[in-house]
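Undergrad: In terms of the numbering used here, the sequence shown has 326 at position 293, counting the first letter as 1, and numbering is strictly consecutive. C-beta atoms are modelled at their ideal positions from N, C-alpha and C, and glycine is treated no differently.
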Amino acid sequence: MASQQFDSPQSAAAHDAPAGAHWLAATDPVREKIRAAAQSVRDTTPLAQSVTNFVTVNFVANAQLAAGGTAAMSYLPDDVLATAQLCHASYINVGTLQPYYREAFPQIAEGFRKLGHPWVLDPVAAGIGETRSAILMAFRDNPPAVVRGNASEIITLTRMWGLDSDDPDGADASANRPQGVESVDGVDAARDAAIRLARFIGGAVAVSGEVDLVTDGERVFRLAGGSAYMTKITGAGCSLGGVVGTYLAVSDPLTAALGASALYNVAGSAADARAKGPGSFQVEFLDALWNTTPQQIANGLIAVED
Ligand SMILES: Nc1ncnc2c1ncn2[C@@H]1O[C@H](COP(=O)(O)OP(=O)(O)OP(=O)(O)O)[C@@H](O)[C@H]1O
Ligand SMILES: Cc1ncsc1CCO
Ligand SMILES: [Mg+2]
34 MASQQFDSPQ SAAAHDAPAG AHWLAATDPV REKIRAAAQS VRDTTPLAQS
84 VTNFVTVNFV ANAQLAAGGT AAMSYLPDDV LATAQLCHAS YINVGTLQPY
134 YREAFPQIAE GFRKLGHPWV LDPVAAGIGE TRSAILMAFR DNPPAVVRGN
184 ASEIITLTRM WGLDSDDPDG ADASANRPQG VESVDGVDAA RDAAIRLARF
234 IGGAVAVSGE VDLVTDGERV FRLAGGSAYM TKITGAGCSL GGVVGTYLAV
284 SDPLTAALGA SALYNVAGSA ADARAKGPGS FQVEFLDALW NTTPQQIANG
334 LIAVED
């Protein structure tokens, strides 16, 4: 699948930035924060714990390792909260639910808040099923530092939490619900929802797609790159959530969301150039996560809205 690679933000300047945005200057402090976070991941191999779905759990762990961190998967509240005291960030992904999750996930989120432990939420398939909706509603009281999802998931969660101005009661939370785990909306459609959600949690929101959107509720960033193969393997988004957790262990929510998204775009483009199909893409992608340098991550195709 055709894609382009860029070596520096200067070369990015030769290409059109996403509509309504301009490429972040090479000297912008945001790029230095991303580089420092990536370097810190490489230097300290931080653990980010995951409570994640059973489809992609292995890929999440391998991506965290290839990005420079370490992985530990855990599912019972006492185990998760004990592990949270050994690491600086965690990741919750609601992709495959078990009966006990309905009680366990709210307990875990409350425990994280009491510990002051930052975490990343991937609201996979938000809007589907009463159990998933009850769990996602419970997180409103003990919110994550970062929400990472596809456009439909971000729109649905924002509406569910009553943050959508047009629908303050969240009465129509299933209106944009994803088709299973896939998005039915473009990233632009989730822009306002992402801003509202980021302001509510006091953290950052990352919306993935062909061009990603990351916001802290004030500035809105657009990140290009990646590969169409990322939609042909399972777990590109799930593992991105795990790697946001890895970065969150060493940095603030906005830097974590930007750094992990930039890494995925740079590594995805590099892997795209070498892959022959989805199978070899997964292998090439893990290698590219490992071989992408902090400076290359900071030099990614990152634009900010005008
Ligand atoms: N068409 C595309 N071109 C380039 N990169 C893409 C494209 N679609 C998605 N990506 C990248 O793939 C990664 C995962 O995003 P995606 O929106 O597919 O997540 P998701 O739907 O939650 O995935 P999954 O459910 O498979 O885990 C992100 O890094 C994103 O930038
Ligand atoms: C395919 C699938 N089903 C539940 S979670 C998951 C992984 C992608 O989100
Ligand atoms: Mg997903």
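Out of R165, T116, P177 and A159, state which residue places its alpha-carbon closest to the alpha-carbon of E143.
TA: Closest by alpha carbon: P177.
Undergrad: Per the contact definition of three or more C-beta pairs closer than 8 Å, is the stretch 305–312 in contact with the stretch 282–292?
TA: Flag = no, the stretch 282–292 and the stretch 305–312 do not touch.
Undergrad: Taking the straight line between their C-alpha atoms, what separation do you get for T129 and T164?
TA: Roughly 11 Å separates the two Cα atoms.
Undergrad: Using CA coordinates, which residue listed in W152, R192 and L196 is at the minimum distance from V180?
TA: W152
Undergrad: Taking the alpha carbon of V80 as the reference point, which residue from V277, Q315 and A300 has its own alpha carbon closest?
TA: Going by the sequence as given, residue 80 is Leu instead of Val. Residue V277 is the option with its Cα nearest to L80.
Undergrad: Consider the Cβ of T248: report whether some Cβ of chain D lies at a distance smaller than 8 Å.
TA: Among the protein chains of the structure shown there is no chain D, as only one such chain exists.
Undergrad: On a Cα-Cα basis, can you pick out the residue from A336, L319 and L169 that is closest to A99?
TA: L319
Undergrad: Mind the definition here: the stretch 117–134 touches the stretch 242–261 only if three or more C-beta pairs lie below 8 Å; say whether that holds.
TA: no
Undergrad: Between which two residues does the alpha helix (DSSP H) carrying D61 extend?
TA: Segment: none, D61 is in no alpha helix (DSSP H) and carries neither H nor E.
Undergrad: Do L273 and S241 have their beta-carbon atoms positioned less than 8 Å apart in this structure?
TA: yes
Undergrad: Check Y124 in the structure and name its three-state DSSP category.
TA: Correct three-state label for Y124: strand.
Undergrad: Can you tell me which residues form a DSSP beta bridge with R181?
TA: Answer is A239, bridged to R181.
Undergrad: How big is the Cα-Cα spacing for R64 and V299?
TA: 14 Å
Undergrad: So, with DSSP's three-state summary, where would you put T85?
TA: In the three-state scheme derived from DSSP, where H, G and I count as helix and E and B as strand, T85 is classed as coil.
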